[in-house]
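Q:
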């Protein structure tokens, strides 16, 4: 009974510690934004008939997806990949599920709509903040086809730090995966400490070995 109670207590402490460490790590990663790079800019055909410019940026533990609807790409405009490639993408992949699941149905948005999604967490996004803009006069987020530097994601991080954090949504699958790594490590450490503490009195109570 005492052994089972120890397991339950250690498991609860490991879960709380894992969730806390996941949150603290995400907060640190989004502030540091280490290794920021552009992944690609392309055109994604939503429902196979509505083109969206999609810009994707990434840093360690941070993901940024920026999109704007364009009924027909302008003449001469070509979807871009990173600078180290030369072949343009004609039809890129859809935005990641962690972003789409937190956005309204994109097919129903009016022309010139824009959206952006900031995902934070390691190894996958666990905390997500989204923006949807219907007024083309709004300055943030910038048009995805122009989002080739790190300015947009840096602006998003600055806004995140100055606004109500209740707008940040939790991706349950991402949080479960991120926290599971810390929970396993924490549980292993707690069990090792508990076994060591329980064995210490027994070792101290053992009679000394007789002298030869």
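In the numbering used here, the protein residues as written are 377 to 588. C-beta: ideal position from N, C-alpha, C; glycine also.
Can you have a look at residue 489 and say buried or exposed, based on whether 16 or more other CB atoms are within 10 angstroms of its CB?
A: Residue 489 should be labelled buried.
Q: By the 10 Å Cβ neighbour count, where 16 or more other Cβ atoms means buried, how is residue 527 classified, buried or exposed?
A: The residue in question, residue 527, is exposed, as its Cβ has fewer than 16 Cβ neighbours within 10 Å.
Q: Can you tell me whether residue 517 is buried or exposed? The criterion is at least 16 other CB atoms within 10 Å of its CB, across all chains shown.
A: Buried, by the Cβ-count rule.
Q: Any idea if residue 572 is buried or exposed, counting beta-carbon neighbours within 10 angstroms, 16 or more meaning buried?
A: Residue 572 comes out exposed.
Q: Determine, using beta carbons only, whether residue 474 and residue 491 come nearer to each other than 8 Å.
A: No, Cβ-Cβ distance for residue 474 and residue 491 is not below 8 Å.
Q: Could you name the residues of the same chain whose beta carbon sits closer than 7 Å to that of residue 451, not counting the 5 residues immediately before and after it, in chain order?
A: For residue 451, the pLDDT reaches just 41, beneath the cut-off of 50, and the residue's location in the model is therefore unreliable, although a value from the coordinates is still provided. Once the five neighbours on either side are set aside, residue 451 has no close Cβ partner at all.
Q: Taking three-plus beta-carbon pairs below 8 Å as touching, is the segment 534–554 in contact with the segment 496–510?
A: Enough Cβ pairs lie closer than 8 Å, so yes.
Q: Less than 8 Å between the C-beta atoms of residue 414 and residue 524, yes or no?
A: In contact: residue 414 and residue 524 (Cβ atoms closer than 8 Å).
Q: Spatial neighbours of residue 395 within its chain, please: CB distance less than 6 Å, with the 5 preceding and 5 following residues excluded, ordered by chain position.
A: The answer, listed in chain order, is 555.
Q: Using only CA atoms, which one of 387, 570 and 417 lies nearest to residue 470?
A: Among 387, 570 and 417, the Cα nearest to that of residue 470 is on 417.
Q: Can you give the Cα-Cα distance for residue 406 and residue 440, rounded to whole angstroms?
A: Roughly 11 Å between the two C-alpha positions.
Q: Check for me: the alpha helix (DSSP H) holding residue 360 runs from which residue to which?
A: Here the chain covers residues 377 to 588 and nothing more, so residue 360 does not appear.
Q: Going straight from the alpha carbon of residue 397 to that of residue 558, what length do you get?
A: One C-alpha to the other measures close to 7 Å.
Q: Using only the alpha-carbon positions, how far apart do residue 493 and residue 531 sit?
A: Whole-angstrom Cα-Cα distance: 12 Å.
Q: Would you mind reading off the limits of the beta strand (DSSP E) that contains residue 473?
A: Where residue 473 is concerned, there is no enclosing beta strand (DSSP E), although the alpha helix (DSSP H) it sits in stretches over 473–476.
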